């Protein structure tokens with residue numbers, strides 16, 4: 002048992018360790034200015050990402066991401082439920098939605114800058130307007146696919162309005178909604194970084210580009226690492242939330258598969 | 090038929106709204122020009138050689154990047170699944186590298202390649218590679234153990250099993266990966282052009298923005314959206330064509 006656990010953890014850490022060692026060794030004597038030794042990057046890390054910098058750059062970025070993402074989730078689920086519930090509404094909206102979804106979200110940055118300047122509002126709106134489409138379209142699909150027998154049953158028992166929404170429609174669409182939320186998260190991170198690279202005076206994206214423009218290469222590398230870590234951590238948090246909220250669904254799937 | 094009519098009505102209402110809102114002064118015309126002005130700006134763009142060059146550049150970056158990512162993703166996915174223990178050994182690394190936002194590589198791309206095509210390719214390939222790889226891994230996992238054992242007992246070699254058992258099972262997943270990757274590749278291609286300034290539609294949008302040519306900017310954004318739409322529809326068509334033999338597609342046709 003213990004041996005198997007050890008073997009399993011060996012599998013988890015072996016390759017990452019090998020990769021880091023290879024990077025460390027290969028870059029050790031590097032004089033190429035663009036590929037500094039990993040040692041230099043690690044040494045620079047604590048000097049660059051001080052508590053002060055976390056407060057002035059990382060926290061504002063994250064707050065903007067959170068605000069935009071929450072707004073997108075709210076609007077996406079609400080609109081998606083309405084569009085998914087009524088066949089006629091869906092038919093009217095479908096071509097427009099298909100087009101709006103296909104617009105690559107980063108091109109919204111210049112448009113939204115016209116309206117909202119370069120402040121926090123602009124970034125939050127950019128993030129929200131990019132994240133809303135996957136959530137909206139997945140909600141529509143999820144609401145549309147609600148089991149018709151359950152819908153009929155609910156009707157026979159006189160379950161309607163908010164109760165129907167709360168106990169039947171939203172739970173049964175939630176796996177799809179979460180699939181949309183997951184797509185939206187990676188789009189949100191991209192837009193957070195881009196909106197800051199375009200126009201900002203703080204934030205992670207802004208800082209990394211500043212480093213690059215001033216040729217502070219090891220500092221820039223630490224910024225890339227921070228962005229990578231951030232993407233990884235956010236996806237871990239998302240998985241934890243998903244596992245908690247959709248626990249019943251995964252359990253159900255596991256039992257049906259076993260039987 | 091009724092759905093088509095309703096959809097057309099929705100589209101017409103959307104365009105009319107775009108015309109009416111700025112005309113009625115609800116938003117400034119300088120920020121949001123009416124549909125007709127965007128349309129005429131689009132007409133001007135279509136007769137401009139620079140526009141077609143930019144479109145060609147964007148499509149080149151998109152297609153090349155997507156092709157590289159699909160080949161690399163499928164090859165890596167099959168190798169990782171077929172070689173014993175490799176799947177378990179790479180799982181943690183893949184889970185770590187996949188969520189890293191590809192835009193984090195923008196500063197590196199600028200330093201290494203400037204505004205060349207290779208900058209665009211770096212971002213496009215990094216972003217779309219994971220989509221294909223993950224779907225390939227899922228697909229290979231889905232192989233029916235009975236079919237695999239049967240193939241083994243009939244003495245099929247590794248290559249024959251990959252070709253006749255693994256590939257048909259994985260193909261639907263791979264096609265899903267390709268469809269997702271095609272959309273992501275366009276986003277990243279346009280992003281690279283917009284932020285780095287590599288030649289293409291994104292760069293044209295940035296130029297239009299800095300020169301305050303607002304209707305042109307909207308026209309280019311419409312083009313970007315139409316391009317995305319064509320790519321989505323095209324990817325779905327290719328998917329149906331490649332999976333014409335598959336149950337999921339045959340079932341839909343029969344009904």
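Protein chains in written order, with the numbering used here: chain A, 2 to 260; chain B, 90 to 344.
Even glycine gets a Cβ: it sits at the ideal position worked out from N, Cα and C.
Bear in mind that the values here come from a model prediction, so they are computed numbers and not experimental data.
Handout entry: Reduced DSSP secondary structure (H/G/I, E/B, other) of residue 159(A)
Key = Here residue 159(A) sits in coil by DSSP.
Exercise for the section: For residue 105(A), name the three-state secondary structure that DSSP assigns. Expected result: Reduced to three states, the DSSP call for residue 105(A) is coil.
Practice task
Spell out whether any CB of chain B is found under 8 angstroms from the CB atom of residue 106(A).
Solution key: For residue 106(A), the answer is yes, since a Cβ of chain B falls inside 8 angstroms of its Cβ.
Problem - Short CB-CB distance (under 8 angstroms) between residue 197(B) and chain A - result: Output row for residue 197(B): interface = yes.
Problem - 8 angstroms Cβ cutoff met for residue 73(A) and residue 129(A) - result: Taking a C-beta distance under 8 angstroms as the contact criterion, residue 73(A) and residue 129(A) qualify as a contact pair.
Practice task
Report the neighbours of residue 306(B) on chain A: residues whose CB is nearer than 8 angstroms to its CB, in chain order.
Solution key: Chain A residues near residue 306(B): 111 and 112.
Exercise for the section: Give the straight-line distance between the Cα atoms of residue 8(A) and residue 172(B), rounded to the nearest whole angstrom. Expected result: So the alpha carbons of these two residues sit roughly 18 angstroms apart.
Practice task
Check whether the Cβ atoms of residue 134(B) and residue 305(B) lie closer than 8 angstroms to each other.
Solution key: Yes; because the gap between Cβ atoms is below 8 angstroms, this pair is in contact.
Problem - Local Cβ density within 10 Å of residue 132(A), reported as buried at 16 or more and exposed below that - result: With a threshold of 16 other beta carbon atoms within 10 Å, residue 132(A) meets it and is buried.
Problem - Top-ranked residue by Cα proximity to residue 144(B), from 309(B), 326(B), 281(B) and 332(B) - result: Checked all of 309(B), 326(B), 281(B) and 332(B); the closest Cα to residue 144(B) is 309(B).
Problem - Exposure label - residue 11(A); buried when at least 16 CB within 10 Å - result: By the neighbour-count rule (16 or more Cβ atoms within 10 Å), residue 11(A) is not buried but exposed.
Exercise for the section: Flag this pair as yes or no: are the beta carbons of residue 221(B) and residue 263(B) separated by less than 8 angstroms? Expected result: Yes. Within cutoff.
Exercise for the section: Find the nearest neighbour of residue 175(A) within the set 27(A), 136(A) and 150(A), judged by alpha-carbon distance. Expected result: Selection 27(A), 136(A) and 150(A) evaluated against residue 175(A) yields 136(A) as nearest (Cα-Cα).
Exercise for the section: With a cut-off of 8 angstroms on the beta carbons, I'd call residue 188(A) and residue 106(A) a contact; round off their distance for me. Expected result: Indeed they touch by this definition, with Cβ atoms about 6 angstroms apart.
Handout entry: residue 58(A) to residue 201(A) span [Cα, whole Å]
Key = Just so you know, the alpha carbons of residue 58(A) and residue 201(A) end up roughly 11 angstroms apart.
Practice task
Could you tell me whether the segment 212–223 of chain A touches the segment 33–50 of chain A, using the rule of 3 or more Cβ pairs below 8 angstroms?
Solution key: Contact holds between the segment 212–223 of chain A and the segment 33–50 of chain A, because three or more Cβ pairs, one in each stretch, are under 8 angstroms apart.
Problem - Residues that residue 177(A) contacts on chain B, provided the C-beta gap is smaller than 9 angstroms - result: Against residue 177(A), chain B offers no close residue; the least beta-carbon distance is about 15 angstroms (beta-carbon pairs closer than 9 angstroms).
Handout entry: residue 192(B): contacting residues in chain A (beta-carbon distance under 7 angstroms)
Key = 191, 194 and 195, listed in chain order.
Problem - residue 56(A) versus residue 63(A): straight-line alpha-carbon distance, rounded - result: A direct Cα-to-Cα measurement between residue 56(A) and residue 63(A) gives close to 10 angstroms.
Practice task
Please classify residue 81(A): is it buried, with 16 or more other beta-carbons within 10 angstroms of its beta-carbon, or exposed?
Solution key: Buried, because 16 or more other Cβ atoms sit within 10 Å of the Cβ of residue 81(A).
Exercise for the section: Can you tell me which of the three DSSP states residue 299(B) falls into? Expected result: In the three-state DSSP reduction, residue 299(B) falls in the helix class (H, G or I).
Exercise for the section: Taking residue 108(B) as the reference, give the member of 123(B), 140(B) and 285(B) with the closest Cα. Expected result: Among 123(B), 140(B) and 285(B), the Cα nearest to that of residue 108(B) belongs to 123(B).
Problem - chain B within 8 angstroms of residue 99(A), Cβ atoms only - result: Interface residue, yes.
Problem - For residue 87(A), the three-state DSSP class (helix, strand or coil) - result: Of the three classes helix, strand and coil, the one that applies to residue 87(A) here is coil, per DSSP.
Practice task
With a threshold of 7 angstroms, establish whether the CB of residue 107(A) neighbours any heavy atom of the ligand GDP.
Solution key: With respect to small molecules bound, the structure shown includes none, and the ligand GDP cannot be examined in it.
Problem - residue 247(A): first and last residue of the uninterrupted alpha helix (DSSP H) it sits in - result: Counting along the chain, residue 247(A) falls outside any alpha helix (DSSP H), and DSSP gives it neither H nor E.
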